[in-house]
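**Student:** There's a structure below that I have some questions on.
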Amino acid sequence: MSTTTNASGAYSFGPLRASNPAGYTVTETQPAAWADGLDSAGSAGGSVGNDIISAVVINTTTIATEYNFGERGGSLAGIVYNDINNDGVRAPSEPGIPNATVTLTGTDINGTAVNRATTTAADGTYSFTDLTMPNATGYTITETQPAGWADGLDAVGTLGGTLGNDVLSAVIFPTPGAAGTGYNFGEIQGAAGVAQVSGTVWLDLDHARDLDGGEPLMANWTVELIQRPDPLDNTNYTLIATTTTNAAGAYAITGLSPGTYEIRFRRPSTGYISGIPISAWPGVDLTYGTIRNLTLVAGD
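Pasting the structure below:
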């Protein structure tokens with residue numbers, strides 16, 4: 002017996018006679034639009050192979066369920082960002098632009114139209130996951146120009162494609178399940194007000210919490226601008242931008258969208274979060290070893 006899955010991916014065989022001691026075998030023909038995934042035997046047991054589940058022994062009253070075949074889709078991802086030097090290459094210190102709309106369109110190899118939209122996260126990133134194999138014309142990624150930003154340079158990613166103005170087309174998957182990254186849209190500061198943060202890392206010899214003359218300035222410290230809900234959780238956070246201090250211990254992160262941020266510092270030798278945070282900016286919280294609740298509006 003053979004069947005095809007319905008619109009929700011489900012299938013069934015039955016009613017069935019009781020099997021002999023060797024049991025029944027359920028075999029999936031690998032769908033061309035998807036990459037092979039993991040399979041699993043269901044409630045009556047069985048032996049799992051690649052796209053085959055054998056030795057399913059049932060009697061006349063058995064209702065065997067959950068004989069499942071997992072498949073994997075492809076993905077496309079990138080970032081919408083403030084390209085401060087307008088060179089079309091995103092640097093770690095160039096912050097993303099949140100809430101920008103990005104749309105994926107095209108047709109998969111089964112002839113099904115694909116039309117999906119998403120908005121960028123707080124760090125400007127976006128992704129489309131669980132994608133079927135496109136047809137020969139490939140997928141198209143289109144950015145809706147963010148309000149208040151001037152148009153910048155865009156870039157096709159790791160799977161290639163055709164570069165247009167706010168449109169990246171002819172993105173072909175070499176195989177089902179391919180993962181493409183680096184489909185980026187650069188913008189430059191326009192009418193929208195942006196903000197910036199800057200400061201200094203130094204060795205506070207007298208523990209006065211004030212930069213005095215003669216105190217050593219600390220180069221090559223990593224400065225991270227992040228957002229996170231829990232100040233005690235060092236794993237669940239969004240990295241907005243990062244930079245390092247120069248020979249004078251100074252750093253700056255410019256071109257930020259208005260929002261609330263947190264700044265933390267890492268030692269060059271170990272990468273450990275370190276230092277005593279100092280800031281007089283209204284409303285900041287310095288109790289967790291970082292500069293937290295740093296709220297910036299346009300022009301700050």
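Just so we're aligned, residue 2 is where the sequence shown starts under the working numbering, counting upward by one.
Just so you know, even glycine gets a beta-carbon here, dropped at the ideal spot from N, CA and C.
Can you give me the Cβ contacts of Glu-238 inside the same chain, cut-off strictly under 6 Å, excluding the 5 residues immediately before and after it?
**Tutor:** According to the sequence shown, residue 238 is Tyr rather than Glu. So the list reads Ile-227, Arg-229, once near-sequence residues are dropped.
**Student:** By the DSSP assignment, the beta strand (DSSP E) with Val-314 in it spans what residues?
**Tutor:** The question about residue 314 has no answer, for the chain in this structure spans 2 to 301.
**Student:** Going by Cα to Cα distance, which pick from Gln-146, Pro-147, Ile-142 is closest to Gly-161?
**Tutor:** When only C-alpha atoms are compared, the closest one is Ile-142.
**Student:** Cβ of Gly-24 within 8 Å of Cβ of Val-58?
**Tutor:** Taking a C-beta distance under 8 Å as the contact criterion, Gly-24 and Val-58 qualify as a contact pair.
**Student:** On a CA-only basis, which of Phe-266, Asn-235, Thr-236 is nearest Thr-244? Give me that one, please.
**Tutor:** Nearest Cα to Thr-244 within the set Phe-266, Asn-235, Thr-236: Phe-266.
**Student:** Looking only at its own chain, which residues have a Cβ that is under 7 Å from the Cβ of Leu-204, when we skip the five neighbours before and after it?
**Tutor:** Glu-216, Pro-217, Met-219
**Student:** Is the distance from the Cβ of Tyr-140 to the Cβ of Ala-78 below 8 Å?
**Tutor:** no
**Student:** In this structure, how does DSSP classify Glu-67 when only helix, strand and coil are distinguished?
**Tutor:** coil
**Student:** Closest to Ser-13 by C-alpha separation, out of Ala-19, Thr-5, Ser-20, would be which residue?
**Tutor:** Thr-5
**Student:** Leaving out the 5 sequence neighbours to the left and right, which residues in its chain are closer than 7 Å to Ile-85 when beta-carbon positions are compared?
**Tutor:** Glu-95, Thr-255, Gly-256
**Student:** Using the Cα positions of Asn-346 and Glu-144, report the straight-line distance between them to the nearest angstrom.
**Tutor:** The structure shown has nothing for residue 346, since the chain only spans 2 to 301.
**Student:** Once the 5 residues before and after Phe-186 are set aside, which same chain residues still bring their CB inside 6 Å of it?
**Tutor:** Once the five neighbours on either side are set aside, the close Cβ partners of Phe-186 are Val-81, Glu-144, Asp-155.
**Student:** Looking only at C-alpha atoms, which of Pro-177, Leu-17, Asn-83 sits nearest to Ala-65?
**Tutor:** Ranking the options by Cα distance to Ala-65, first place goes to Leu-17.
**Student:** How would you call Asp-124, buried or exposed, if buried means at least 16 neighbouring beta carbons within 10 angstroms?
**Tutor:** In summary, Asp-124 is buried, with 16 or more beta-carbon neighbours lying within 10 Å of its beta-carbon over all protein chains present.
**Student:** Given Asn-111, which residues of its chain have a CB within under 6 Å of its CB, disregarding the five upstream and five downstream residues?
**Tutor:** Ala-34
**Student:** For my contact list, Ser-44 and Glu-29 are in at a C-beta cut-off of 8 Å; report their separation, rounded to the angstrom.
**Tutor:** The Cβ separation is near 18 Å, so there is no contact.
**Student:** Which value, in whole angstroms, describes the spacing of the CA atoms of Leu-164 and Thr-102?
**Tutor:** 18 Å
**Student:** Is it buried or exposed, Asp-211, if we count other Cβ atoms within 10 angstroms and call 16 or more buried?
**Tutor:** Around the beta carbon of Asp-211, fewer than 16 other beta carbons lie within 10 angstroms, which makes this residue exposed.
**Student:** Would Gly-250 be called buried (16 or more neighbouring beta carbons within 10 Å of its own) or exposed?
**Tutor:** buried
**Student:** Pull up the DSSP beta-bridge partners for Gly-183, would you.
**Tutor:** Among the bridge pairs identified by DSSP, Gly-183 is matched with none.
**Student:** Which residues does DSSP list as the beta-bridge partners of Glu-188?
**Tutor:** The beta-bridge partner set that DSSP reports for Glu-188 consists of Asn-83, Asp-152.
**Student:** Of the choices Glu-188, Pro-259, Gly-75, Gly-290, whose alpha-carbon is the least far from that of Asp-234?
**Tutor:** Gly-290
**Student:** Give me the Cα-Cα distance between Gly-158 and Phe-174, rounded to the nearest whole angstrom.
**Tutor:** The alpha-carbon of Gly-158 is positioned some 12 Å away from that of Phe-174.
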